[in-house]
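**Student:** Below is a structure I'd like to ask you about.
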Amino acid sequence: MTVELRALIDAELKREAPPAVAALARRLAARARGGAAAVLYYGSSLRTGDLDGVLDFYILVDRVSDWPASRFAAAANRVLPPNVGYLDQSAQAAGQNGLRAKYAVMSVAQFRRAMSVERIDTTLWARFSQPCQCVHARDARSFEAMRDAVCDAVVAASQWAARLGPASADGATFWRRLYQRTYAAEVRVERAGRANDLLAGEETRYCRLLPLAWQAGGIAFVPQPDGRLEPKLSASERAHAEAAWQRRQRLGRPLNLARLLKAALTFDNATDYVAWKVERHSGYRIEPTEFQRRHPLLAAPAIYWRLRRRGVLR
């Protein structure tokens, strides 16, 4: 890890978040009863500054058992992290910040392992090679462990960007090509141009980041006078990387489908999340009952039929 790369990621993580976002992160961390090492804020709301939708957080705990959940949910998180949940503060009493959040929970050790360039699963290192903020850290040691993992994510992503990308291009083009490939390796519903949106307004950041990450990851390259970068990779190295990526793409979709199936059994507050999504996209409001909140799978057929009868689903 180079000093320059660590300093750049350190500064990004330490950028000040809106007070309401930081307060919500502290509330989520408090659920772990002292076991939350760090909370990361990322995603579209961070990029746009729009807090009206759902904010995205990752909660890193010492052990998955530190997070309050059933034994089944904790066991599932050990096997296939992360577990996910939803928190809605919009209807709470005056004085609350009124935000909604979707959060993922995994241990620090799981998070660090997920950032390896050798991992079959591309989801985590791709996500955290993008900008994020640390909105809660228990102490300096916890922050540094999380920061180093995020640096590993950037290095892993940059190595794949070199191996799968063009022979020569500007830094932003390498990142766009990479995110197009990672999206194709996952089960995603976003439109085809989503990879371009990720870089919008941040091209300078990505162009600055790429050579630093290549240096840290041992990718030799030649900078061109016009700003293009040319990684020094042989045709056989590129062919080997493409074959390795095809394995990840074949296995990535079943892996993400397995996560979706696991989420159907372990998603915390799933019914309220579905209700919010329906209202957000259709204007039709569902008022879940306590039974539906406690038993989302049992409640799903009735909710689905109700939405069909109302014309919300076709």
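For the sequence shown, position 282 matches number 283 in our numbering, and the numbering has no gaps at all. In this text, a Cβ means the ideal position worked out from N, Cα and C, and glycines have one as well. Please read all numbers here as calculations on a predicted model, not as lab measurements.
Under 8 angstroms, with one C-beta from each stretch per pair, do the segment 114 to 133 and the segment 142 to 156 reach the 3-pair mark?
**Tutor:** yes
**Student:** Do Val-118 and Tyr-104 have their CB atoms nearer than 9 angstroms?
**Tutor:** Walking along the sequence shown from the start, residue 118 turns up at place 117. Walking along the sequence shown from the start, residue 104 turns up at place 103. No. Outside cutoff.
**Student:** Just the C-alpha distance for Tyr-207 and Trp-176, rounded to the nearest angstrom, thanks.
**Tutor:** As a first step, residue 207 is located in the sequence shown; it is residue number 206 there, counting from the start. As a first step, residue 176 is located in the sequence shown; it is residue number 175 there, counting from the start. Roughly 7 angstroms between the two C-alpha positions.
**Student:** Output yes or no for whether 9 angstroms exceeds the beta carbon distance between Leu-211 and Gly-253.
**Tutor:** The residue you call residue 211 lines up with position 210 of the sequence shown. The residue you call residue 253 lines up with position 252 of the sequence shown. Contact: no.
**Student:** Taking Cβ to Cβ, would you say Arg-260 is nearer than 9 angstroms to Leu-81?
**Tutor:** Numbered from its first residue, the sequence shown carries residue 260 at position 259. Numbered from its first residue, the sequence shown carries residue 81 at position 80. Yes, these two residues count as a Cβ contact at 9 angstroms.
**Student:** Shortest alpha-carbon distance to Met-147 belongs to which of Arg-16, Ala-38, Ala-33 and Tyr-43?
**Tutor:** Counting from 1 along the sequence shown, the entry for residue 147 is found at position 146. Ranking the options by Cα distance to Met-147, first place goes to Ala-38.
**Student:** How many whole angstroms separate the CB atoms of Ala-21 and Leu-52, which I take to be in contact at a CB cut-off of 8 angstroms?
**Tutor:** The count along the sequence shown starts at 1 and reaches residue 21 at position 20. The count along the sequence shown starts at 1 and reaches residue 52 at position 51. Cβ-Cβ separation between Ala-21 and Leu-52: approximately 7 angstroms, consistent with a contact (criterion under 8 angstroms).
**Student:** Within the same chain, show all residues whose beta-carbon is closer than 7 angstroms to that of Leu-200, passing over the 5 residues directly before and after it, in chain order.
**Tutor:** Position 199 of the sequence shown holds residue 200. Same-chain partners within the cutoff: Ala-173, Trp-176, Arg-177 and Tyr-207.
**Student:** On the DSSP letters alone, give me the boundaries of the beta strand (DSSP E) that Asn-84 sits inside.
**Tutor:** Counting from 1 along the sequence shown, the entry for residue 84 is found at position 83. Segment 84 to 89, the beta strand (DSSP E) holding Asn-84.
**Student:** Between Phe-112, Gly-166 and Ala-242, which has its C-alpha nearest Ile-60's C-alpha?
**Tutor:** Walking along the sequence shown from the start, residue 60 turns up at place 59. When only C-alpha atoms are compared, the closest one is Phe-112.
**Student:** I need the straight-line Cα distance from Arg-79 to Phe-73, nearest angstrom please.
**Tutor:** Position 78 of the sequence shown holds residue 79. Position 72 of the sequence shown holds residue 73. Rounded to the nearest angstrom, the two C-alpha atoms are 10 angstroms apart.
**Student:** For a quick check, are the C-beta atoms of Pro-1 and Arg-164 less than 9 angstroms apart?
**Tutor:** As shown, the chain starts at 2 and ends at 315. That puts residue 1 outside it, with no answer to give.
**Student:** Could you work out which residue in Gly-44, Glu-5 and Pro-69 is closest to Leu-56 when comparing CA atoms only?
**Tutor:** Reading the sequence shown from its first residue, position 55 is the one you call residue 56. When each option's Cα is compared against that of Leu-56, the closest is Gly-44.
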